[in-house]
Amino acid sequence: MIQRRELLLSALAAGAVATGAPVASETLSASNYRVPLKHRPRWIDVDPALTVGAIYASNEQRRLYWIDSPGRAIRYTIAIGAAGRAFRGTAVVARKAIQPSWMPTRNMIRMEPEVYGQFSAGLPGGHPMNPLGAAALYLYRDGRDTLFRIHGTPQPWTMGRSFSSGCLRLVNEHMMDLYARAPVGTPVHVS
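Heads up: the sequence shown at position 107 corresponds to 107 in UniProt numbering, and the numbers run straight through without jumps.
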């Protein structure tokens with residue numbers, strides 16, 4: 001049986017229509033990578049039944065939507081977790097951080113020791129190799145940290161790809177825009 005959330009996300013995908021200029025006119029990351037126009041945030045029309053002030057994301061579409069007002073959203077392109085690592089379900093933003101420090105999870109180190117073992121002590125915020133980038137929204141479910149984040153990335157060329165260890169990643173400048181809009185307590189729905 002299709003749940004209401006799945007139906008709304010399907011309607012969001014089917015009914016999303018680009019309506020105007022990108023949210024940011026020019027997006028350059030610290031690497032000077034010019035983000036393609038198709039990956040820049042855009043105001044779009046969406047199903048007016050979607051909850052205002054909520055985040056909806058689609059792993060399949062590799063899109064994240066901030067519902068700004070009834071029937072209006074900002075659509076961001078995201079990078080998602082590699083196969084079998086993507087977050088799905090509902091959560092709430094329970095914490096926010098600018099230039100957060102990062103430490104790989106035990107599972108990340110176990111699955112890819114050659115990639116993550118060297119970072120087992122973590123990286124400070126602002127470090128050029130810190131995968132959380134400029135900012136992070138920490139996703140909790142039932143009061144517990146899911147260990148999944150919506151965060152920036154020092155690798156803007158990964159947008160639209162299945163790339164990360166499971167988190168939803170945005171270009172740093174796009175993440176700062178979302179960070180300013182989404183307060184602690186924001187509901188997050190990911191399909």
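Quick reminder that beta carbons are idealized off the backbone N, C-alpha and C, glycines included.
Simplified DSSP state of residue i, which is helix, strand or coil
i       : result
Thr-146 : strand
Pro-187 : strand
Ile-98  : strand
Asp-47  : coil
His-174 : helix
Arg-63  : strand
Residue from the options whose Cα sits closest to the Cα of residue i
i       : options                         : result
Ala-96  : Met-176, Pro-70, Arg-85         : In the sequence as presented, Ala is not what sits at residue 96; that position holds Lys. Comparing Cα-Cα distances from Lys-96 to each of Met-176, Pro-70, Arg-85, the minimum goes to Met-176.
Arg-40  : Pro-183, Ile-98, Leu-178        : Leu-178
Arg-169 : Pro-124, Ala-134, Pro-183       : Ala-134
His-174 : Val-188, Pro-187, Gln-155       : Gln-155
Ser-191 : Pro-48, Ile-98, Asn-172, Asn-59 : Asn-59
Residue i vs residue j beta-carbon contact at 7 Å
i       : j       : result
Ala-57  : Pro-100 : no
Ile-44  : Ala-73  : yes
Phe-87  : Gly-185 : no
Trp-102 : Gly-117 : no
is_contact[residue i, chain D] using C-beta, thresh 7 Å
i       : result
Ser-191 : In summary, chain D is missing from the structure at hand, where a single protein chain is found.
Inspect the CB distances between the segment 76 to 86 and the segment 151 to 163 and report whether three or more fall short of 8 Å.
Yes, since at least three Cβ pairs between the segment 76 to 86 and the segment 151 to 163 fall closer than 8 Å, the two stretches touch.
Can we say the segment 55 to 65 touches the segment 104 to 115, given the rule of at least three CB pairs closer than 8 Å?
By the C-beta criterion, the segment 55 to 65 is judged not to be in contact with the segment 104 to 115, since fewer than 3 inter-stretch pairs fall below 8 Å.
Is it true that the segment 91 to 109 meets the segment 125 to 145, where meeting means three or more beta-carbon pairs spaced less than 8 Å apart?
The segment 91 to 109 vs the segment 125 to 145: in contact.
Could you name each continuous alpha helix (DSSP H) segment of 4 residues or more that falls completely within the segment 110 to 138, going from the start of the chain to the end?
The segment 110 to 138 contains these whole alpha helix (DSSP H) runs: 113 to 116.
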